[in-house]
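Enquirer: Let me begin by handing over the structure; questions about it come next.
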Amino acid sequence: MQVQSVIRLVNVIALTSLAVVAMSFAWWTNGTWWTSLPSEDRLWVAVCISMAYLGLLWSCLHSTRVTSQRNRTARAIGSVADTKQSEAVVQGSQNRELPVLVIYATETGFAETLAKQTASRLDDLGQVVNLLPIDALDVTLLKQCSRALFIASTAGQGDPPEQAIEFAETVMTERADLLNLNYAVLALGDSSYDDYCAFGRQLDQWLGWSGGNQLFESIEVDDADDDAVARWFACVGKACGLPEAVPAHSS
2 MQVQSVIRLV NVIALTSLAV VAMSFAWWTN GTWWTSLPSE DRLWVAVCIS
52 MAYLGLLWSC LHSTRVTSQR NRTARAIGSV ADTKQSEAVV QGSQNRELPV
102 LVIYATETGF AETLAKQTAS RLDDLGQVVN LLPIDALDVT LLKQCSRALF
152 IASTAGQGDP PEQAIEFAET VMTERADLLN LNYAVLALGD SSYDDYCAFG
202 RQLDQWLGWS GGNQLFESIE VDDADDDAVA RWFACVGKAC GLPEAVPAHS
252 S
């Protein structure tokens with residue numbers, strides 16, 4: 002039973018008891034006890050006192066009701082705020098636990114080397130990392146992560162590397178729902194070819210077409226250019242908290 006209900010019950014019992022006591026006084030009185038009506042002045046005084054009492058009683062009840070309503074509202078607001086805060090903490094914890102995908106599409110091994118360096122530095126910072134070749138990647142895995150770093154080379158005349166052909170011909174031909182994905186692309190190539198960094202550019206376009214959000218603009222590396230690689234590590238550092246890194250060399 003709620004406190005307010007108990008208070009009301011006690012008040013009813015008290016008033017009923019007083020009424021019974023008052024009636025008992027009349028029962029116990031012998032003879033004529035109601036001799037005459039009170040004077041008009043006393044009658045008005047009694048009426049005024051009664052009205053004042055009723056007004057005071059109504060004011061107390063109204064104040065109690067308003068206070069109770071405010072308390073319920075405050076508790077409700079507090080409960081909602083606590084729930085939202087708990088959800089935010091849980092969501093933040095889940096985001097920290099989600100692995101950073103580091104995906105490479107390599108032809109000569111250079112992309113894999115850079116990917117391993119990137120993953121190693123992320124791991125040193127205590128971040129969960131999932132290093133994968135692109136032929137082990139699918140849309141379901143991309144949808145489950147919040148950050149992905151792609152390091153992609155180009156083969157032949159603008160073709161995907163051999164390990165990326167299936168991904169390019171199946172996954173990248175359709176639009177995926179990647180609205181929750183934050184990504185970056187490092188495109189490797191050689192400007193002496195007409196289709197310079199073609200696959201990296203195609204990958205970047207597909208990710209954007211699928212609703213992904215760029216962590217930073219894609220970076221293109223011309224023939225293992227050290228400056229471009231250093232710029233990649235610097236940008237990844239700002240986006241993921243990596244320290245300065247020494248660029249890899251082609252192997």
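Count the sequence shown with my numbering and you get residues 2 to 252, in order.
Virtual Cβ for every residue (Gly too), placed ideally from N, Cα, C.
Predicted model only: the values in this text are computed from it and were never measured.
1. Check each candidate in A229, G212 and N214 and name the one with the smallest Cα separation from A188.
2. Could you tell me which of L216, R232 and V222 sits nearest to A240, measuring between CA atoms?
3. For the beta strand (DSSP E) that A137 lies in, which residues bound it at each end?
4. What residue from D226, R232, A225 and A169 has the CA that sits closest to D205's CA?
5. Looking at G201: is its Cβ nearer than 7 Å to the Cβ of L179?
6. Starting from V129, trace the beta strand (DSSP E) both ways and give me its first and last residue.
7. What residues are listed by DSSP as bridge partners for A235?
8. Which of helix, strand or coil does DSSP assign to S154?
9. Given this structure, state the Cα-to-Cα distance separating C198 from G157, to the nearest angstrom.
10. Spatial neighbours of V140 within its chain, please: CB distance less than 7 Å, with the 5 preceding and 5 following residues excluded, ordered by chain position.
11. Tell me whether Y54 sits in a helix, a strand or coil according to DSSP, three-state version.
12. Counting C-beta neighbours from all protein chains within 10 Å, is the total for S193 16 or more, i.e. buried, or is it exposed?
13. Would you mind reading off the limits of the beta strand (DSSP E) that contains G190?
14. Is the beta carbon of L266 less than 7 Å from the beta carbon of A149?
15. Taking the CB atoms as reference points, tell me whether I104 and F151 lie closer together than 7 Å.
16. When you compare only the Cα positions, how much space is there between Q95 and S147?
Expert: The relevant details are as follows:
1. Distance check between A188 and each of A229, G212 and N214 places A229 closest, using alpha-carbon atoms only.
2. Nearest C-alpha to A240: L216.
3. First-last for A137: undefined, no H or E at that position.
4. Minimum Cα distance to D205 is reached at A169.
5. Going by C-beta atoms, G201 is not nearer than 7 Å to L179.
6. Annotation for V129: no beta strand (DSSP E) segment contains it, and DSSP assigns it neither H nor E.
7. None; A235 has no bridge partner.
8. Secondary structure of S154 (DSSP, three-state): strand.
9. Each residue's Cα considered, the two are about 11 Å apart.
10. Exclusion of the five residues before and after V140 leaves V172 and A177 as the residues of its chain whose Cβ lies within less than 7 Å of its Cβ.
11. In the three-state scheme derived from DSSP, where H, G and I count as helix and E and B as strand, Y54 is classed as helix.
12. Flag for S193 reads exposed.
13. Where G190 is concerned, the enclosing beta strand (DSSP E) stretches over N183 to G190.
14. The requested residue 266 is not part of the displayed model; the chain covers only 2 to 252.
15. Cβ atoms of I104 and F151: closer than 7 Å.
16. For Q95, the predicted structure reports a pLDDT of 45, less than 50, and the residue's modelled location is therefore unreliable. A value from the coordinates is still provided. Approximately 10 Å between the Cα atoms of the pair.
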